[in-house]
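Peer 1:
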Amino acid sequence: MIQFIGKRLLLAVPTIILVTFFVFALMELSPTDPAAALAGDNPTPERLAELHHQLGLDRPFLTRYLEWGGNALQGDLGISPVTHQSVISDLMFRLPITASLVLLAMIFALVLGVGLGTIAALNKGGVLDWLTNSFANLLLAVPPFVAAVLLVLFLAIMSPMFPATGYANMSAGIGPWLQFSTLPALSLAIIPAALLTRQVRGALIDALEEDYIRTARAKGLRRRMVVGKHAAKNAAVPVVTVLGLVFTSMFGGAVVVERIFAIPGLGSVSVESVLNGDLITLQGLVLLVAVLVTVVNLVIDASYGYFNPRLRIR
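Note that my numbering has the sequence shown beginning at 85, numbered continuously upward.
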């Protein structure tokens, strides 16, 4: 298993380098001049030249990229020309906010998706199967921003069970944190829950029709043991694949949801960076997200090796 994970780690390094290089190149090709965005209205040519020099824009692209990459390896992502704060400090302050929101959304999606998917699989062709599939299809048609608006309307305005906007850190207590995080997490979890419901249903039905399951039933094993121990483990590989995709998409969805609920996480800082032309913060954010996605994919690959040992030798 260690060798398996080591190979995946080696493959992750060039992936991160390619992502950062691609983003740097895109920003280089962008028609937006970050110096002009910072200079304000009607800047003089001297002021623009001064800002170009301060931001390092008058140096070759490759030189700037290698210098930025070398500093990033040492944990230095530069100073934001907009906020005049350390980029790494700002991102590390906001990362726990978004990460806790995404993790809560993952819990909601897992509980709902695995529960409904299992119920549908065990009642294949029945009324519960039809109802579950219909409910999942309905959830798939609701994008996160629409879900957020509907949840605020019904659970914050018409029935004031949760606050409509704002955020409470975990240091304030698990109760206040849950109170402010439940609606945004539910907004992020709706589509992933529907995807997991369909995936769990399909994978579990396939597993339950395998010969070894019939053999286990013929031996007189209880249904709970057959489903929970034998079928669920073999159905887990395709479900875990969807989990990796869902986790990545949740970080993208957090951009919109955090703006709607006024949460100061990574989604908010990405929007602020784009609007202010703060390329240094944006570059640091892209690197951070690339590392996070790579780590998640590494965990997913490692889980493949656990659920299906034959994959370790590939």
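Heads up, the beta-carbon is just placed ideally off N, CA and C, and yes, glycines get one too.
All of these numbers come straight from a predicted model, not from anything done at the bench.
#1: By Cβ distance below 6 angstroms, which residues in the same chain neighbour Ile344 in space, the five residues on each side in sequence not counted?
#2: Whole angstroms is fine: what's the gap from Ala277's alpha carbon to Arg143's?
#3: Helix, strand or coil for Leu170? Go by DSSP, reduced to three states.
#4: Mind reading off the beta-carbon distance from Ile181 to Gly349? Whole number of angstroms is fine, and I expect it under 8 angstroms.
#5: Taking C-beta to C-beta, are Ile347 and Leu188 nearer than 8 angstroms?
#6: Using the DSSP secondary-structure output, state which residues sit across from Ile163 in a beta bridge.
#7: Can you say whether Arg178 is buried or exposed, counting buried as having 16 or more other CB atoms within 10 angstroms of its CB?
#8: For Ser333, tell me which candidate among Arg131, Val230, Val373 and Ile203 has the shortest Cα-Cα distance.
#9: Exposed or buried, Ser114, counting other C-beta atoms within 10 Å across all chains shown (16 or more means buried)?
#10: Curious, which full-length alpha helix (DSSP H) runs of at least 4 residues does the region 219-269 contain?
#11: Around the Cβ of Arg285, are there at least 16 other Cβ atoms within 10 angstroms (buried) or fewer (exposed)?
#12: Taking only the alpha-carbon atoms, compute the straight-line gap between Ala252 and Gly312 and give it to the nearest angstrom.
#13: Return the residue from the list Leu234, Leu102, Gly199 and Met190 that minimises the CA-CA distance to Ala273.
#14: Could you tell me the boundaries of the alpha helix (DSSP H) in which Pro322 lies?
#15: Short of 8 angstroms in beta carbon distance, which residues of its chain neighbour Ile172, apart from the five on each side in sequence? Order them along the chain.
#16: By alpha-carbon positions, which one of Leu150, Leu139, Leu157 and Ile275 ends up nearest to Ser164?
#17: What's the call for Pro268, buried or exposed, on a 16-neighbour Cβ count within 10 Å?
#18: Examine the Cβ distances between the region 239-258 and the region 295-311 and report whether three or more of them are shorter than 8 angstroms.
#19: Could you name the residues of the same chain whose beta carbon sits closer than 7 angstroms to that of Arg92, not counting the 5 residues immediately before and after it, in chain order?
#20: Could you check which residue in Asp125, Glu151, Ala119 and Pro127 has the C-alpha nearest to that of Leu141?
#21: According to DSSP, is Leu366 part of a helix, a strand, or is it coil?
#22: If we count the other Cβ atoms within 10 Å of its Cβ and call it buried at 16 or more, is Phe264 buried or exposed?
#23: Does DSSP put Gly286 in a helix, in a strand, or in coil?
#24: How close, in whole Å, do the beta carbons of Thr281 and Gly197 come, if the pair is a contact with beta carbons under 8 angstroms?
#25: By Cβ distance, which residues of its chain are closer than 8 angstroms to Ile364, with the 5 residues on each side in sequence left out?
#26: Out of curiosity, what's the CA-to-CA distance linking Met242 and Pro227?
#27: Distance, Cα to Cα, Val380 vs Ala183?
#28: Between Ala96 and the rest of its own chain, which residues show a CB-CB distance below 7 angstroms, the 5 nearest in sequence each way excluded?
#29: Kindly indicate the opening and closing residues of the alpha helix (DSSP H) around Glu134.
#30: Are Ala315 and Ala291 close, meaning C-beta to C-beta below 8 angstroms?
Peer 2: A quick look at the data gives this:
#1: Ala232
#2: 48 angstroms
#3: Before going on, a small fix: residue 170 reads as Ser here, not Leu. Looking at Ser170 - three-state DSSP - the assignment turns out to be strand.
#4: 4 angstroms
#5: no
#6: Ser170
#7: buried
#8: Val373
#9: exposed
#10: 228-236
#11: buried
#12: 38 angstroms
#13: Met190
#14: Ala316 to Ile344
#15: Gly159, Asp160, Leu161 and Gly368
#16: Leu139
#17: buried
#18: no
#19: Leu382 and Asp385
#20: Ala119
#21: helix
#22: buried
#23: helix
#24: 5 angstroms
#25: Leu139, Leu161, Gly162, Ile163, Ser164, Pro165 and Val171
#26: 21 angstroms
#27: 12 angstroms
#28: Thr378 and Leu382
#29: Pro129 to Leu139
#30: yes
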